[in-house]
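Mapping of the sequence shown onto numbering that gives the first Met the number 0: position 139 corresponds to residue 138, and the numbering continues sequentially without gaps. For glycine and all other residues, C-beta sits at the position ideal for the given N, C-alpha and C. Inspection log for the structure reproduced underneath, given as structure tokens.
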Amino acid sequence: MLYPHLAVKDPDIHRIILSELDRRRRGIDMIPSENVTSVAVLDALGSILTDKYSEGYPGKRYYGGNEFIDQIEELARERAKALFGVTHANVQPYSGSPANQAVYMALCNPGDTVLGLSLAFGGHLTHGLKVNFSGVYYHATNYVTGADGRLDYDAIQKQAEELRPKMIVCGATAYPRQIDFQRMAAIAQSVDAFLLADISHIAGLVVGGVHPSPVGHADVVTTTTHKTLRGPRGAMILCNGLPSTPLKSVERTRENIPTLVDRAVFPGLQGGPHNHQTAAIAVALKEAAAPEFKIYAKQIVSNAQTLADALIQKGYSLVTGGTDTHLILMDVTTRGLTGIEAEVALGKAGITVNKNSVPNDPRKPFDPSGIRFGTPALTSRGMKEPEALEIAEYMDAALCHHTDDSFLSDIQRKVTMLALKFKPYPELDAAL
Ligand code: DSN
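If you want it as structure tokens, here you go:
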């Protein structure tokens with residue numbers, strides 16, 4: 000039996016977890032920020048490390064008994080540094096938003112001007128949405144994509160010259176094309192701004208060599224660990240330079256970035272690190288350093304491009320006309336649907352996507368014109384181009400018959416037959 004102790008102690012939670020596992024086994028999850036971790040990552044995440052307090056950093060803790068926790072955090076930091084080619088890594092951020100918050104705290108004063116990609120054009124809440132901390136405590140300004148849906152670097156340059164931001168943020172959650180980090184760094188340097196590259200969505204593609212790295216261009220890189228990187232929920236802050244202890248000055252210079260970042264994470268924002276999460280991140284980083292991960296990253300992109308091409312052939316309208324990454328953004332209004340209708344219809348067919356705004360969306364964010372989907376999780380399950388083509392057929396069928404529940408049930412049966420051939424956690428099946 001899977002999770003036998005839980006089954007005895009809390010049958011309600013046990014039953015719900017098994018239902019969620021069953022949903023994943025029978026369906027195809029295509030939310031591009033989700034993935035399937037290895038069972039080794041899950042083992043570390045569910046370990047006894049969750050019980051330990053260890054405020055501080057390796058060798059400098061505020062609690063005793065941290066000799067083994069130090070070893071775990073050191074391993075995670077060393078693996079992160081080697082994998083991304085940086086000299087400093089902070090692996091303690093609880094997730095992506097706290098990681099970004101720490102960088103704001105490290106590099107900006109409240110009220111400073113920050114320039115990031117608008118959420119409505121594919122950015123992130125923490126890149127300067129008015130109701131997010133980044134818009135409440137900072138003077139948040141936004142750039143948008145050009146008429147073709149792509150980043151317009153000349154326009155960003157012009158905006159940066161007008162606004163003179165303290166920090167520019169690049170990175171996205173709903174942008175299907177590669178980001179030119181070199182160009183973004185040139186823009187930031189020309190106005191003496193710090194550049195933060197948030198590579199949460201594409202970190203796995205970067206280490207897999209199928210997306211250029213921001214390292215060497217951006218002053219600071221943040222990433223979550225649970226998207227294309229295929230680790231547990233969590234985040235890291237990466238930069239070059241070395242932390243100095245004690246901090247000699249609080250001046251916000253490039254040289255001080257590693258120390259400023261560490262101090263912003265703890266004691267600035269967080270208390271005790273989640274050691275079980277740190278251990279699981281370390282495991283994921285080891286997996287991402289293996290040669291097979293490069294093959295995996297390449298396959299993610301190939302699957303997304305195969306799917307995108309097939310949908311274009313069927314007459315669908317994709318933002319920017321395709322993808323360079325793991326992610327596809329599709330305007331479904333051209334087919335007479337809303338994003339919600341498409342999300343619901345695909346959900347009934349066993350395919351999970353999320354409704355999403357498209358650039359210059361005339362509709363509201365909670366009822367937008369598009370859907371966002373991607374291939375990291377299905378690629379982790381072993382699906383390749385033939386399956387991507389099969390999924391395109393099912394998506395098209397479901398969208399064409401979105402009001403016909405019995406037709407959608409038929410599609411769902413076919414989706415389930417496909418899904419069951421590619422188990423998300425085959426090792427767990429043995430224990431079911
Ligand atoms: N919620 C994440 C996403 O889906 O892209 C970003 O934080």
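Does any heavy atom of the ligand DSN sit closer than 6 Å to the C-beta of residue 333? no
Within 7 Å, strictly: CB atoms of residue 114 and residue 140: yes
Would the segment 215-226 count as touching the segment 266-275 if we require 3 or more Cβ pairs under 8 Å? no
Let me check understanding here. Comparing Cα to Cα, which of 283, 375, 0 and 329 lies closest to residue 358? 329
Alpha-carbon spacing of residue 345 relative to residue 22, whole angstroms: 14 Å
Residues of its chain near residue 152, where Cβ-Cβ distance is below 6 Å and the 5 sequence neighbours each way are ignored: Only 182 meet the Cβ criterion.
Locate the beta strand (DSSP E) running through residue 326, then write down its first and last residues. 326-330
If residue 205 sits next to residue 101, beta carbons under 8 Å apart, how far is it from one beta carbon to the other, in whole angstroms? Going by Cβ atoms, the distance from residue 205 to residue 101 rounds to 20 Å, so no, they are not a contact pair.
Can the beta-carbon of residue 203 be found less than 7 Å from the beta-carbon of residue 237? Cβ atoms of residue 203 and residue 237: not closer than 7 Å.
Three or more beta-carbon pairs under 8 Å between the segment 38-48 and the segment 380-393, yes or no? no
Contact belief for residue 370 with residue 341 at Cβ below 8 Å, rounded distance in angstroms: About 5 Å; that satisfies the 8 Å criterion.
For residue 292 versus residue 233, is the C-beta distance shorter than 7 Å? no
Any idea what DSSP makes of residue 237, helix, strand or coil? strand
Taking contact to mean 3 or more Cβ pairs, one atom from each stretch, closer than 8 Å, check whether the segment 163-171 and the segment 113-128 are in contact. Per the Cβ contact rule, the segment 163-171 is in contact with the segment 113-128 (3 or more Cβ pairs under 8 Å).
Could you check what DSSP says for residue 209 in three-state terms: helix, strand or coil? coil
Relative to the ligand DSN, is the shortest distance from any of its heavy atoms to the C-beta of residue 117 smaller than 6 Å? no
State the Cα-Cα distance for the pair residue 402 and residue 286, rounded to the nearest angstrom. 43 Å
By a C-beta neighbour count over all protein chains shown, 10 Å radius and 16 as the cutoff for buried, is residue 28 buried or exposed? buried
Can you list, in chain order, the residues of its chain with a C-beta nearer than 8 Å to that of residue 64? Leave out the 5 residues immediately preceding and following it. Cβ neighbours of residue 64 beyond the five flanking positions: 51.
Residue 172: CB within 6 Å of a non-hydrogen atom of the ligand DSN: yes
In this structure, does DSSP put residue 454 in helix, strand or coil? Any property of residue 454 remains undetermined from this structure, which presents the chain solely from 0 to 431.
Could you check whether the Cβ of residue 133 sits closer than 6 Å to any heavy atom belonging to the ligand DSN? Every heavy atom of the ligand DSN is 6 Å or more from the Cβ of residue 133, so no.
Best match in 283, 312 and 302 for proximity to residue 71 [C-alpha to C-alpha]: Of the candidates 283, 312 and 302, the one whose C-alpha sits nearest the C-alpha of residue 71 is 283.
Report the three-state DSSP secondary structure of residue 197 (helix, strand or coil). strand
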